[in-house]
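Shown next, in structure tokens, is the structure this report addresses.
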Amino acid sequence: MTELGGWLCVVTKYSIDQTADLVDIWAMKEYGVNEFWSKLFSVIPAYVIGIFDYVLPLAHLKNAHQVLLNQEGEKLIVYDLARKRAKKVRKISSSPKNCKVLVYVNSLIGLGGDHGGNNGKKAGENGDKRKKEKQQLSGQKR
1 MTELGGWLCV VTKYSIDQTA DLVDIWAMKE YGVNEFWSKL FSVIPAYVIG
51 IFDYVLPLAH LKNAHQVLLN QEGEKLIVYD LARKRAKKVR KISSSPKNCK
101 VLVYVNSLIG LGGDHGGNNG KKAGENGDKR KKEKQQLSGQ KR
């Protein structure tokens with residue numbers, strides 16, 4: 001399972017013959033709908049990149065009809081959905097043999113912990129404390 005384009009995705013791999021594997025990418029686009037899993041696309045990367053154990057989709061470039069794939073944690077591949085062709089992304093100089101590729105989304109919501117200046121407090125916790133202090137001070141002045 002992975003996330004792709006904001007959807008929860010499942011990657012299935014099966015052999016179509018002795019020389020090629022087929023990878024289907026399924027997405028849960030809307031939770032609670034009767035048929036909420038739909039196939040986004042299929043990839044036949046073995047024709048260009050050879051036999052593989054797994055691939056993981058990282059990004060779907062809808063306008064270009066391409067998918068960026070992580071092959072076995074070692075290679076990046078761009079797969080053209082229209083032409084059904086794959087090409088390896090050039091090696092990044094001085095990069096390690098294995099690397100983990102992560103997709104993230106910027107957010108203003110803090111995760112807690114010591115980073116971000118909130119000292120592990122939940123969002124709004126400081127504001128509630130200040131509000132109580134103001135109420136106490138205004139009650140003392142009366």
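Heads up: the sequence shown runs through residues 1 to 142, numbered per full-length UniProt numbering.
Ideal placement from N, C-alpha and C gives every residue a C-beta, glycine not left out.
If you're wondering where the values come from, they're calculated on a predicted model, not measured in any experiment.
Asked	Found
Straight-line gap, SER81 to GLY32 (C-alpha atoms, nearest Å)	Ser is not the amino acid found at residue 81; the sequence shown has Leu there. Cα to Cα, the separation comes out at about 29 Å.
C-beta atoms of VAL11 and LEU56 nearer than 8 Å	yes
Between the CA atoms of TYR14 and TRP26 - distance to the nearest angstrom	14 Å
Sequence-distant residues of its chain with Cβ nearer than 7 Å to TRP7 (five each side left out)	ALA27, MET28 and LYS29
Between the CA atoms of ASN70 and LEU76 - distance to the nearest angstrom	5 Å
Close-in-space but distant-in-sequence residues of the same chain around ILE16 (CB under 6 Å, 5 per side omitted)	LEU22
Rounded C-alpha distance that separates VAL43 from LYS88	14 Å
Own chain, CB closer than 6 Å to VAL67, minus 5 neighbours either side, in chain order	PRO57, HIS60 and TYR79
Spatially closest choice to TRP37 from MET1, ALA64 and ARG83, by CA coordinates	MET1
Burial state of GLN18 (16 or more Cβ within 10 Å)	exposed
Beta strand (DSSP E) runs contained entirely in the region 51-81, provided each spans 3 or more residues	55-61, 66-71 and 75-80
Spatial distance of LEU40 from TYR54 (CA atoms)	18 Å
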